[in-house]
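Worksheet: one structure, shown below.
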Amino acid sequence: MKKELNKKSDEVTVIVEVTLKGNIEDVKKYIRDEQCPLFFNLNDDGIKRFDWFLNESEKTGTLIEIFENSNVWEELGNKILGSPINIRFMELFNVEKFTVLGDINESFKSKIQAMNPVIKTYVGGIR
């Protein structure tokens, strides 16, 4: 695959940094048995990546989500926000930082404002 310099993509990357409120085994069970299967079973090709990383000793975690474009993320967000899976998420985690990398529309920015997002737009890179 040929590399390209400074080629902007429509992809949106979301990085969610959390601290764990719950028991580590409950958190792992939620991630593996509830949240990941839900996203997997959506069978949405626009979800390119959905990965969790935990530091058990510090009780912290990072969720990395990559979407084909802003529309895919917004459609998913509209389905998930306020749903039982999202309510359970809020019971198990404190969101410390919510970073959005890429362009998103103003209406969705206002919907996620309560999460106090840090939104950054693309400047340059190698693809």
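Taking my numbering, the leading residue of the sequence shown gets -2, the next gets one more, and so forth.
Note that CB positions come from ideal geometry on N, CA and C, so glycine has one too.
Please read these numbers as outputs of a predicted model, since none were measured by experiment.
- Around the C-beta of E71, 16 or more other C-beta atoms lie within 10 Å, and the residue is accordingly described as buried.
- Secondary structure note for I82: it is in no beta strand (DSSP E), and the uninterrupted alpha helix (DSSP H) holding it is 81 to 89.
- The beta carbon of E53 sits closer than 6 angstroms to those of I21, all from its chain and outside the five residues before and after it, given in chain order.
- Sequence-distant Cβ neighbours of S6 in its own chain, meaning closer than 7 angstroms and more than five residues away, are R124.
- When DSSP reads this structure, L60 sits in a beta bridge with V13, W49.
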